[in-house]
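J.:
There are 2 protein chains.
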Amino acid sequence: MHPKTNKISCEECATTSCFVKRTNPEWLGKISKFKNQVVYPKGQYIFSEGSPVFGAYFIQSGDVKIVSSSFSGRQNIVRLAKAGHMMGHKGEAKENYPIGAVALNDARVCFLNNELLYDAFLNNTHFTIEIMMFYSKELRKSEMRNKFFAQMTTDEKVAYAILYAGEIVGQKNSKGQIMITLSRQELAQIAGTNAEQVSRTISQMKNEGLLSLDGRCICIENLTGVYDLLSEYEQFI
Amino acid sequence: MHPKTNKISCEECATTSCFVKRTNPEWLGKISKFKNQVVYPKGQYIFSEGSPVFGAYFIQSGDVKIVSSSFSGRQNIVRLAKAGHMMGHKGEAKENYPIGAVALNDARVCFLNNELLYDAFLNNTHFTIEIMMFYSKELRKSEMRNKFFAQMTTDEKVAYAILYAGEIVGQKNSKGQIMITLSRQELAQIAGTNAEQVSRTISQMKNEGLLSLDGRCICIENLTGVYDLLSEYEQFI
DNA sequence: TTAGTTATCTGCGTTTTCGCAGAATTATCT
DNA sequence: AGATAATTCTGCGAAAACGCAGATAACTAA
């Protein structure tokens, strides 16, 4: 089912920001040996909403969107993730939040099952502390997001979504500008609005010279100008 | 400045859910010895927005609201906390998120400075893991909140705020019903709307027999009925 | 290249939410 | 208890956002 690839070990992995690199050398070897690694092609689910996750995923390369659907079928992008990021780990095993992860491009992802992970937690203090710090920081960010989303206009939320997407999954073009290939629908799922509204905001920002379009691809022409739209929320951005 | 009280040590503290209780006996004594403890009267700031926090606070008794104001002066309640909860700790010392904490009633709060806290992290694996798990769970909750708040109507957000407030800071009356003493403004700051809208929703819920009012105090008459308003979001609630 | 499919853009009427303002109610202080 | 202050409630017009629908543009595959 999954394409077969040569596994890239932790020792030869170039993703220095990966948390696993914080374990001591002995453990790096152990994790490298017992971890599972898969390359997921663009669009494929890494793990699906609804099915339980028995460990944690660490992205070695590529970009991923973490999604969650509601009862009514409306889907939401919870966050975007790239190389070095962790996903799927749950604080409490019983909880069954319907969260899924989809590769936005070909993504190489390592999986550590719960047994291996907890063993690493117990034996690598700094590893555990770093992951605790990561969660703490992410929690702050999420709380800030909550706070500001309650105050922002739809235009501002869309501007935020563009900056956020640019930061995590944006690609630089030859002029050094940030290019975003997410669809209007996906940006809407980040901004908490609908595709039409995203379209309207993008048109407006294009008229103001902040963005340009290359087909469906968004190019940030004036990064400072976009940031200025959100100057009220600078603690957050 | 702060009222003087007899410090209640960790050994004699009845708040079993406190994370500090997860440290080993030797450390419990050490923390108990070096921790700072203050009883804050209702309405007083435990720590203020803007000033940096050099450690973590653990609530021994009482209720607290964690608030954050934006540039425009609009204030928001980030979360409510009660006995056993932790607050103030920051993943990264440099970050200066303007977060404050205010006692909703007389609250006894213990403070562990960063030095003591990190020493405890390094020497108490289970303590660190539990706090990591706590953050992980809180992050999930916050992400869910983000997701659902993007979809809820204002009425639903207010119903959520009432249930949330009831769960954390609600008090049972003689009939076993949950009573909430937060102001309309405070509920609005949780729901991400304004006091008028909260008022309108409460009136409506009162007419439907879900709530009753005792002065300004809200009494949940039909808890199941309120939950039913949010049945679409049950994963979250 | 061309036809077909999918995504994006934009106009427009509807719905929701906001926020002011004044009335009513509740709490506080002497 | 009575006066004063603060909060809450509610009506109403304005603003924002939604969502349908049709037009346009961009991709895909033969």
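First to last, the sequence lines map onto chains H and Z.
Our numbering applies: residue 1 is where the first sequence begins, and numbers increase by one.
Our numbering applies: residue 238 is where the second sequence begins, and numbers increase by one.
All C-beta atoms in this analysis are idealised placements derived from N, C-alpha and C, irrespective of residue type, glycine included.
#1: Does the beta carbon of H:T153 sit closer than 8 Å to a beta carbon anywhere in chain Z?
#2: Measure from the C-beta of H:A159 to each C-beta in chain Z and report whether the shortest distance is under 8 Å.
#3: Using a beta-carbon distance cut-off of less than 8 Å, what residues from the segment 67–80 of chain H approach chain Z?
#4: Using C-beta distances below 8 Å, list every residue in its chain close to Z:A318, excluding the 5 sequence neighbours before and after it, in chain order.
#5: Quick one: Cα of Z:F473 to Cα of Z:K394, how far?
#6: Starting from the Cα of Z:N351, find the closest Cα among Z:G292, Z:I245, Z:F256, Z:K272 and give me that residue.
#7: I'd like to know if Z:N342 contacts chain H, where contact means its C-beta is closer than 8 Å to some C-beta of that chain.
#8: According to DSSP, simplified to helix, strand and coil, what is H:D155?
#9: Taking C-alpha atoms, which residue in H:A107, H:R216, H:F121, H:L182 lies nearest to H:V20?
#10: Is any beta-carbon of chain H found at less than 8 Å from that of Z:L354?
#11: Could one say the Cβ of Z:Y372 lies closer than 8 Å to chain H's Cβ atoms, at least one of them?
#12: One question on the structure: do H:V109 and H:I46 come within less than 8 Å of each other, judged by their Cβ atoms?
#13: Taking the beta strand (DSSP E) that Z:A476 belongs to, which residues open and close that run?
#14: Using only alpha-carbon positions, find the residue among H:G192, H:S199, H:Q197, H:R140 that is nearest to H:I77.
#15: By a C-beta neighbour count over all protein chains shown, 10 Å radius and 16 as the cutoff for buried, is Z:A344 buried or exposed?
#16: Going by DSSP, which residues form a beta bridge with Z:S305?
#17: Please state the DSSP three-state secondary structure of Z:R345.
#18: Quick check on H:Q235: does DSSP put it in helix, strand or coil?
#19: Helix, strand or coil for Z:N459 per DSSP?
T.: Quick look at the numbers:
#1: Walking along the first sequence from the start, residue 153 of chain H turns up at place 153. By this cut-off, H:T153 is not an interface position.
#2: In the first sequence, counting from the first residue as 1, residue 159 of chain H sits at position 159. It does not; no Cβ of chain Z falls within 8 Å.
#3: S68, S70, F71, S72, R74, N76, V78, R79
#4: Locating residue 318 of chain Z in the second sequence gives position 81, where the first residue counts as 1. I296, D300, V301, K302, I303, M324, A338, I405.
#5: Counting from 1 along the second sequence, the entry for residue 473 of chain Z is found at position 236. Counting from 1 along the second sequence, the entry for residue 394 of chain Z is found at position 157. Their Cα atoms are separated by approximately 12 Å.
#6: In the second sequence, residue 351 of chain Z corresponds to position 114, counting from 1. Out of Z:G292, Z:I245, Z:F256, Z:K272, Z:G292 has the C-alpha closest to the C-alpha of Z:N351.
#7: Along the second sequence, read from residue 1 onward, the residue named residue 342 of chain Z stands at position 105. Chain H, which has no Cβ nearer than 8 Å to the Cβ of Z:N342, makes this no.
#8: As a position in the first sequence, residue 155 of chain H is number 155, starting the count at 1. Note: H:D155 maps to helix in three-state DSSP.
#9: Translated into the one-based positions of the first sequence, residue 20 of chain H becomes position 20. Checked all of H:A107, H:R216, H:F121, H:L182; the closest Cα to H:V20 is H:F121.
#10: Against the second sequence, residue 354 of chain Z aligns to sequence position 117. False, the Cβ-Cβ gap to chain H never drops below 8 Å.
#11: For this step, residue 372 of chain Z is matched to residue 135 along the second sequence. By this cut-off, Z:Y372 is an interface position.
#12: Position 109 of the first sequence, counted from the start, is the residue given in the question as residue 109 of chain H. Position 46 of the first sequence, counted from the start, is the residue given in the question as residue 46 of chain H. Contact flag set, yes.
#13: This structure cannot speak to residue 476 of chain Z, because chain Z is shown only from 238 to 474.
#14: What you label residue 77 of chain H is simply residue 77 of the first sequence in a count that begins at 1. With distances taken between Cα atoms, H:I77 lies closest to H:G192.
#15: As a working mapping, residue 344 of chain Z is identified with position 107 in the second sequence. That one is buried.
#16: Within the second sequence, residue 305 of chain Z is the residue found at index 68, counting from 1. DSSP lists Z:N313 as partners of Z:S305.
#17: Counting from 1 along the second sequence, the entry for residue 345 of chain Z is found at position 108. Correct three-state label for Z:R345: strand.
#18: Against the first sequence, residue 235 of chain H aligns to sequence position 235. In the structure shown, H:Q235 sits in coil (DSSP, three-state: anything other than H, G, I, E or B).
#19: The residue you call residue 459 of chain Z lines up with position 222 of the second sequence. Note: Z:N459 maps to coil in three-state DSSP.
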